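Q: Dumping the structure here so I can ask a few things about it.
There are 2 protein chains.
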Amino acid sequence: MKLLHNTPDEPATARASLDRLFELAEVLGSLMQRGLAERGLTTARAGVLWELFHHGPMTQRALAARRGVTPRNVTGLLDALEEEGLVTRGAHPTDRRATLVSLSAKGRTFTSDLRGGRDELAAVLFGDLPPGQMAAFTDTLTVAIDRLKGVEPGGEAPGTGES
Amino acid sequence: MKLLHNTPDEPATARASLDRLFELAEVLGSLMQRGLAERGLTTARAGVLWELFHHGPMTQRALAARRGVTPRNVTGLLDALEEEGLVTRGAHPTDRRATLVSLSAKGRTFTSDLRGGRDELAAVLFGDLPPGQMAAFTDTLTVAIDRLKGVEPGGEAPGTGES
DNA sequence: GGCGTATTGTGAAGTAACTTCACTATGTAG
DNA sequence: CTACATAGTGAAGTTACTTCACAATACGCC
């Protein structure tokens, strides 16, 4: 099916792949969102929990930096999470300006649950694929991520993923 | 390297892959957003343009259905897009209740540009990968998408993509 | 010890994207 | 012609963000 050099249909393939990627990103995102909503959480708040889960107690400033948002925003998210009893604001041991944010017991349970769900999802999606295919897939993903990180904008496609 | 049945490290691989996927989704999303913001657009508004670009003039109701949002929301997005001169609200030929939304000339230029950017991005990301690798990648993506669509929620991982 | 300066968290106010609910103008079936 | 469904929009509310201003604290330096 491919007899010529290779410029002819590679562009089309690359485009198709990117479209797929957009589509997957969207489906994945909306699934995640629904799952979280079901448990009474939003993406932003869950992101904060996730961060605390993986990196332990930290200052609001650090949280803001990690999540890439304004410190002010973190204040708001934490207000909500604290009210839900998922998170605790404690005194920082050495700096009296800062508050040290930690997961509560409830918050820990919650995040462990989330991680479990993620693993389950991974199993459903990829659990039975041959190791070779998985490895190749992950490799290509990694290549894409690396290249993506080195690109500055110029205009891309929006959210629908339909071609 | 794999002598036993196959439960031992496949879970880990699947998890890693899913994490990569989350990471890619995030990077891709934020790149897109930055690109759009640079041109004075938001994701939601661009999504509407994209829809019109691909499916031609349509009613606000149809737009709402396609984008999966409330009709009321579409009204707002169109108000903005119309003010920017990217979109036109015209009379529906047969139904006097409905408005027929179309891209303006400016809107068409804009969306063509976007598509160009997308193709460029695809080329940068995948342009030089061997066709075989691309095909395998797209296939795996497709499998994931299909399976994903058949899953109802249970709890997944949030936005950071760090492991 | 005292000061100037940087930093931490938060109040105030604003934007974008959504939603639900109520209401008007039309279409349409009977 | 009436009853009911449908298209778009005003009003009001939520969440996630942002910027700006400010009080409390930390800290380097003379």
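Quick mapping for you: the protein sequence lines, in order, are chains A and B.
Our numbering puts the first residue of the first sequence at 218, with every later residue one more than the last.
Our numbering puts the first residue of the second sequence at 218, with every later residue one more than the last.
Even for Gly, the Cβ is constructed at its ideal location relative to N, Cα and C.
Only a predicted model underlies this, so the values are computations on that prediction, with no experimental measurement involved.
Which one or two residues does DSSP pair with Ser-319 (chain A) in a beta bridge?
A: BP columns for Ser-319 (chain A) point to A:Thr-305.
Q: Compare the C-alpha of Pro-310 (chain A) against each of A:Arg-262, A:Thr-276, A:His-272, A:Gly-349 and name the closest.
A: Pro-310 (chain A) has its Cα closest to that of A:Thr-276, out of A:Arg-262, A:Thr-276, A:His-272, A:Gly-349.
Q: Can you have a look at Gly-349 (chain B) and say buried or exposed, based on whether 16 or more other CB atoms are within 10 angstroms of its CB?
A: With fewer than 16 Cβ atoms within 10 Å of its Cβ, Gly-349 (chain B) is classed as exposed.
Q: Grab me the residues of Thr-316 (chain A)'s own chain with a C-beta within less than 8 Å of its C-beta, minus the 5 sequence neighbours each way, in chain order.
A: Thr-276, Gln-277, Arg-306, Gly-307, Ala-308, His-309, listed in sequence order.
Q: Report the neighbours of Gln-350 (chain A) on chain B: residues whose CB is nearer than 8 Å to its CB, in chain order.
A: Ordered by position in chain B, the residues that pass the 8 Å Cβ test against Gln-350 (chain A) are Ala-353, Thr-357.
Q: Give a yes or no on whether 9 Å exceeds the smallest Cβ distance from Arg-237 (chain A) to chain B.
A: Yes, Arg-237 (chain A) lies at the interface with chain B (some Cβ there is under 9 Å from its Cβ).
Q: Less than 8 Å between the CB atoms is what I'm expecting for Gly-324 (chain B) and Val-304 (chain B), so what's the real figure, rounded?
A: Contact flag correct, Cβ pair sits at about 5 Å.
Q: Which residue comes first and which comes last in the alpha helix (DSSP H) that contains Thr-292 (chain A)?
A: Start and end: 288-300.
Q: Among A:Phe-343, A:Ala-261, A:Ala-229, A:Glu-255, whose alpha-carbon lies nearest the alpha-carbon of Gly-285 (chain A)?
A: When each option's Cα is compared against that of Gly-285 (chain A), the closest is A:Ala-261.
Q: Identify the continuous alpha helix (DSSP H) that holds Val-391 (chain B) and give its terminal residues.
A: With chain B running from 218 to 380 in the structure shown, residue 391 (chain B) is simply not present.
Q: With DSSP as the reference, label Thr-328 (chain B) as helix, strand or coil.
A: Correct three-state label for Thr-328 (chain B): helix.
Q: Using C-beta distances below 6 Å, list every residue in its chain close to Arg-283 (chain B), excluding the 5 sequence neighbours before and after it, in chain order.
A: Within the same chain, Arg-283 (chain B) has close Cβ partners Glu-268.
Q: For Ala-361 (chain B), which residues in chain A fall below 8 Å Cβ to Cβ?
A: In chain order: Leu-241, Leu-342, Phe-343.
Q: Let me know the secondary structure DSSP gives Thr-311 (chain A) once reduced to three states.
A: If DSSP states are grouped into helix, strand and coil, Thr-311 (chain A) belongs with coil.
Q: Is the CB-CB distance between Arg-364 (chain A) and Arg-335 (chain B) below 9 Å?
A: Contact: no.
Q: Look at Met-351 (chain B) and Thr-230 (chain A) and say whether their C-beta atoms are less than 9 Å apart.
A: Their beta carbons are under 9 Å apart, which means Met-351 (chain B) touches Thr-230 (chain A) by this criterion.
Q: Interface residues of chain A around Lys-323 (chain B) at Cβ under 9 Å?
A: Simply none; closest approach about 15 Å.
Q: Return the first residue and the last residue of the alpha helix (DSSP H) that Pro-348 (chain B) is part of.
A: 348-366 is the span of the alpha helix (DSSP H), which, as asked, contains Pro-348 (chain B).
Q: Report buried or exposed for Gly-333 (chain A), applying the criterion of at least 16 other Cβ atoms within 10 angstroms of its Cβ.
A: Counting Cβ neighbours within 10 Å, Gly-333 (chain A) comes out exposed, since fewer than 16 surround it.
Q: Here's the rule I'm using: 16 or more other beta-carbon atoms within 10 Å means buried, otherwise exposed. How should Glu-255 (chain A) be labelled?
A: Glu-255 (chain A) is exposed by the Cβ-count criterion.
Q: Could you spell out where the alpha helix (DSSP H) holding Arg-283 (chain A) opens and where it closes?
A: Counting along the chain, the alpha helix (DSSP H) containing Arg-283 (chain A) begins and ends at 277-284.
Q: Rounding to the nearest angstrom, what Cα-Cα distance links Thr-298 (chain B) and Phe-327 (chain B) in this structure?
A: According to the sequence displayed, residue 298 (chain B) carries Leu and not Thr. The straight-line gap from Cα to Cα measures roughly 12 Å.
Q: Does chain B have any CB closer than 9 Å to the CB of Asn-223 (chain A)?
A: With a pLDDT of 48 at Asn-223 (chain A), under the threshold of 50, the modelled position of that residue is not reliable, and the figure given next carries that caveat. Answer yes: the Cβ-Cβ gap between Asn-223 (chain A) and chain B drops below 9 Å somewhere.
Q: Step through the CB atoms of chain A and report whether any lies within less than 9 Å of the CB of Pro-274 (chain B).
A: Chain A, which has no Cβ nearer than 9 Å to the Cβ of Pro-274 (chain B), makes this no.
Q: How big is the Cα-Cα spacing for Ser-321 (chain B) and Asp-330 (chain B)?
A: If I take the Cα positions, the gap works out to 14 Å.
Q: Against chain A, does Ala-279 (chain B) count as a neighbour if the rule is that its beta carbon must be under 9 Å from one of theirs?
A: Cβ-Cβ to chain A under 9 Å: no for Ala-279 (chain B).
Q: Does any C-beta atom of chain A lie closer than 9 Å to the C-beta of Arg-313 (chain B)?
A: Chain A contact via Cβ: absent.
Q: Within 9 Å of any Cβ in chain A, is that where the Cβ of Gly-246 (chain B) sits?
A: So yes, Gly-246 (chain B) belongs to the interface.
Q: Can you tell me the Cα-Cα spacing of Ala-281 (chain A) and Thr-357 (chain B), whole angstroms?
A: C-alpha separation (whole angstroms): 35 Å.
Q: Is Arg-237 (chain A) buried or exposed, if buried means 16 or more other CB atoms sit within 10 Å of its CB?
A: Buried is the call here.
Q: For Thr-355 (chain B), count the other beta carbons within 10 Å of its own beta carbon; 16 or more makes it buried, fewer makes it exposed. Which is it?
A: It counts as buried.
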